[in-house]
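Chains as they are written, first to last, in this note's numbering: chain H, 1 to 172; chain Z, 173 to 654. From the three backbone atoms N, C-alpha and C, an ideal C-beta is built for every residue, glycine too. These figures come from a predicted structure and were not determined experimentally.
Here's what the structure looks like:
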């Protein structure tokens, strides 16, 4: 009598078979720019003990080399994350829901049904504006903070997705 | 108040409300200025001369303010919305569509009972506090208002035909059993902390009291404490049980759950503060059943029905309906009402992969290694106990899914079952680390408006299918989720 809906081969649409759209190349540039800024800051921090040593301040060697190694490793990680993380990001807008996937070590794929969206916003930081990018934030009921946030969309794409969301809301 | 009260005209609360308003405002003033009052009390002579007149003037001012506040405060129901106007200096008007009303509570504290009044408050999902808080209403007026506010849901003709029917009630014996099955350790600590915190507030007084004791009293006390540690322990335990019983009686006295004509659930309880909580079935986002070894031994479980909450109030107690001491048969009946197609016999289909137990155990190894540094035996004991705990926890974790509902089971000591209707899910997340991806494992989190359901370490294909199914159900459903 009872049908087991999870194991049965079903007709519902499969998210894994949906082609995900990559984010625009400008967003890769943005991520690299941010990584560059962080590297710059780390380089300055690593240079401080060496600079002090040049002014004949007593600095232990462990501190000088430790700071250099740590900041090199950290900025290496930031660069790998900026480049590889970008490759793992993607979004899909289906008729009834919006999905965003991200993360390369820890992968997350969040889906929000359009009928459950409470409100949405488009956020543009200074770097975003320079490159013509927008972050689309979608909010659902019952929790704080943005529940789905797609960064690095082209301004027109973000607007288009948002108007899709709004028109879906108007139908119901 | 006549049953035919016309709620479309502006309504005020009962005239005795002026008294309550004045009392509340006086309390606020006292709270705001209590350091000042304290200093005045210390300089009693001066305070007597000036303070009486100033106090009298203040009292009059507060009373006058309260009367104006009372007269300004009005509410009405018009065109399917609740309108509220309030404020003396800063006036505000509020419009709440009735379909946004989450729950309507009736409350009576001892003072209100003395005056024969009832309080009423309205919850919406949008704000943390109550949108409308009325303190002085005649009981029948309050009941009519409660009904009028709930009318938005009374459209369903089938539901309207049904009579009021009782679902569950606690008699005094069951109430005491609820008290017996509470967390006595916590109760004992609360019972101990209460006098301690009071003592902290009157620090100076206690210090003076100690100073007045003869010189031999303190060593004697210390000696008694050392000798009598076992009776003291018994005392704390006994205190815990007694506190539990008292708390249970105060909170849950006369608890009863009914289903009203309009398909709402109504819960009443309380000895001193009598609370009546009304909520519609569609507004209940999650149902959670908790049981401990104690409650299971007595054949009971505690239900907690949660409504949608405003942002960031994770773990907030408000907006939750707690029903303690529910026996097994009633539990099935309640679940049947909430989730019509639910069935305890459903297969345990969503079980975590065996690796879950090992991952849990790995954390105990870290603790064991740290302890082992100090004592190898202690470290080994911790790791051994960790194995027991981890594998039992892993085994207890699973989920069941009917076409319309999903339930997540967790815990073996304290057991928790969290249930929701599939179409009430707000968003779904599929997570895995690179290592999980390699092993074919994934976690799923289903977010509802009242909390999240975590399904961990599922086979990736099953996790995938679950997310797809939940999205499919949510998106094609046209039933109200709130």
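query: Residue-level contact to chain H via CB, residue 646 of chain Z, 9 Å cutoff; result: yes
query: Residue 197 of chain Z: first and last residue of the uninterrupted beta strand (DSSP E) it sits in; result: Segment 189-204 is the alpha helix (DSSP H) holding residue 197 of chain Z; no beta strand (DSSP E) there.
query: Chain-ordered chain Z contacts of residue 14 of chain H [CB-CB under 9 Å]; result: 636, 637, 640
query: Of the residues Z:266, Z:207, Z:191, Z:633, the one placed nearest residue 132 of chain Z, counting alpha carbons only; result: Here chain Z comprises residues numbered 173 to 654, so residue 132 of chain Z is not present and cannot be evaluated.
query: Proximal chain Z residues relative to residue 96 of chain H, where beta-carbon distance stays under 7 Å; result: 647
query: Cα-Cα separation between residue 441 of chain Z and residue 493 of chain Z, rounded to whole angstroms; result: 11 Å
query: Residues that residue 147 of chain H contacts on chain Z, provided the C-beta gap is smaller than 8 Å; result: 598, 599, 619
query: Residue 157 of chain H at chain Z interface by Cβ criterion, 9 Å; result: no
query: Whole-angstrom distance between residue 109 of chain H and residue 655 of chain Z, CA atom to CA atom; result: The structure shown does not extend to residue 655 of chain Z, since chain Z is modelled only from 173 to 654, so the question has no answer here.
query: Closest residue to residue 47 of chain H among H:121, H:158, H:63 (Cα-Cα distance); result: H:63
query: Span separating the alpha-carbon of residue 464 of chain Z from that of residue 500 of chain Z; result: 14 Å
query: CB contact check: residue 354 of chain Z to chain A, cutoff 9 Å; result: Absent from the structure is chain A; the protein chains it does hold are H and Z.
query: Three-state secondary structure assigned by DSSP to residue 569 of chain Z; result: coil
query: Rounded Cβ spacing between residue 24 of chain H and residue 152 of chain H (contact assumed at less than 8 Å); result: 7 Å
query: Test: residue 238 of chain Z CB closer than 9 Å to a CB of chain H; result: no
query: Distance, residue 624 of chain Z Cα to residue 141 of chain H Cα; result: 12 Å
query: Residue 11 of chain H burial status per 10 Å Cβ neighbour count (16 or more: buried); result: exposed
query: Test item: CB-CB of residue 642 of chain Z and residue 630 of chain Z under 9 Å; result: no
query: N- and C-terminal bounds of the beta strand (DSSP E) containing residue 250 of chain Z; result: 246-250
query: Contact list for the region 66-91 of chain H against chain Z, Cβ threshold 7 Å; result: none
query: Residue 560 of chain Z, buried or exposed, once every other Cβ within 10 Å from all chains shown has been counted against 16; result: exposed
query: Interface flag, residue 165 of chain H vs chain Z, CB-CB below 9 Å; result: no
query: Residue 657 of chain Z, enclosing alpha helix (DSSP H) - first and last residue; result: Residue 657 of chain Z is absent from the model: chain Z starts at 173 and stops at 654.
query: Segment contact flag, the region 535-543 of chain Z with the region 502-513 of chain Z, C-beta cutoff 8 Å, min 3 pairs; result: no
query: Residues of the region 421-445 of chain Z with Cβ closer than 9 Å to any Cβ of chain H, in chain order; result: none
query: Between the CA atoms of residue 345 of chain Z and residue 532 of chain Z - distance to the nearest angstrom; result: 41 Å
query: Span separating the alpha-carbon of residue 472 of chain Z from that of residue 99 of chain H; result: 42 Å
query: heavy atom of the ligand ADP below 8 Å from residue 549 of chain Z C-beta; result: This structure simply doesn't include the ligand ADP, nor any ligand for that matter.
query: Alpha-carbon spacing of residue 480 of chain Z relative to residue 622 of chain Z, whole angstroms; result: 5 Å
query: Nearest to residue 568 of chain Z (by Cα), restricted to the options Z:547, Z:601, Z:522; result: Z:522
query: Option nearest residue 258 of chain Z by Cα separation, candidates Z:245, Z:654, Z:252, Z:516; result: Z:245
query: 9 Å Cβ cutoff, residue 476 of chain Z in contact with chain H; result: no
query: Any chain Z beta carbon closer than 9 Å to residue 34 of chain H; result: no
query: Closer than 9 Å to chain Z by CB, residue 142 of chain H; result: yes
query: Chain H contact residues for residue 654 of chain Z, given Cβ-Cβ distances below 9 Å; result: 141
query: Residue 480 of chain Z: contacting residues in chain H (beta-carbon distance under 9 Å); result: 141, 142
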